[in-house]
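Undergrad:
In the UniProt record's numbering, the protein residues as written are 1 to 126.
If you want it as structure tokens, here you go:
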């Protein structure tokens, strides 16, 4: 650990930095940019009129699919929305879907819950 770093308890977390500082501050005030905090808001996004989207759906870790509440979007909801926005750019894109939580209930199998959620969703290939 870098000893020159301030104590972690005094650092703003990344989510707060994104909405209190640039690029997220006043995000909804800028054309074609949206900030959402619920599944309902995410699904209401017009992806044809949105070029940038920031979604913060939990104050902590998001729930695994099996424990997800209705207010929180599914992994499928987030991936489909991201693809719809990114594919408009016309020059290709790379989308990385990452599972950040420690694998507490997967016996050390890293991103298995994220992959299972996508597989279970039967994401249509385009």
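Glycine residues also receive a C-beta, built at the ideal position from the N, C-alpha and C atoms. These numbers were taken from a predicted model, which means no experiment stands behind them.
1. For residue 40, which of 94, 90, 77 has the nearest alpha-carbon?
2. If you draw a straight line from the alpha carbon of residue 43 to that of residue 20, how long is it in whole angstroms?
3. Under three-state DSSP, which class holds residue 39?
4. Got a sec, what are the start and stop residues for the alpha helix (DSSP H) residue 76 sits in?
5. Going by DSSP in three states, residue 67 sits in which element: helix, strand or coil?
6. Report the rounded CA-to-CA distance for residue 87 versus residue 67, giving the unit in angstroms.
7. Quick check: what's the CA-CA separation for residue 60 versus residue 17?
8. Candidates 98, 92, 38, 33: which alpha carbon is nearest residue 53's?
9. What's the gap between the Cα of residue 35 and the Cα of residue 79?
10. Find out if the Cβ-Cβ distance for the pair residue 182, residue 55 is shorter than 9 angstroms.
11. Whose C-beta lies closer than 8 angstroms to the C-beta of residue 70 among residues of the same chain, with five residues either side of it excluded?
TA: In short:
1. For the purposes of this step, residue 40 is taken as the residue at position 40 of the chain shown. Closest by alpha carbon: 77.
2. For the purposes of this step, residue 43 is taken as residue 43 along the chain shown, with counting starting at 1. For the purposes of this step, residue 20 is taken as residue 20 along the chain shown, with counting starting at 1. Computed Cα separation, rounded: 24 angstroms.
3. Here residue 39 corresponds to residue number 39 of the chain shown, with the count starting at 1. If DSSP states are grouped into helix, strand and coil, residue 39 belongs with the helices.
4. Looking up residue 76 in the chain shown gives position 76. Here the alpha helix (DSSP H) through residue 76 covers 75-86.
5. Mapped onto the chain shown, residue 67 falls at position 67. Residue 67 falls in the helix class under three-state DSSP.
6. If you number the chain shown from 1, residue 87 lands on position 87. If you number the chain shown from 1, residue 67 lands on position 67. Each residue's alpha carbon lies about 30 angstroms from the other.
7. As a position in the chain shown, residue 60 is number 60, starting the count at 1. As a position in the chain shown, residue 17 is number 17, starting the count at 1. Distance between the alpha carbons of residue 60 and residue 17 is about 15 angstroms.
8. Stepping through the chain shown from its first residue, residue 53 is reached at position 53. Out of 98, 92, 38, 33, 33 has the C-alpha closest to the C-alpha of residue 53.
9. Here residue 35 is taken as the residue at index 35 of the chain shown, counted from 1. Here residue 79 is taken as the residue at index 79 of the chain shown, counted from 1. Their backbone Cα atoms lie some 16 angstroms apart in a straight line.
10. The shown model of the chain, from 1 to 126, leaves out residue 182, and the question about it has no answer.
11. The sequence position of residue 70 within the chain shown is 70, counting from 1. Counting only Cβ-Cβ distances below 8 angstroms, and skipping sequence neighbours, we find 39.
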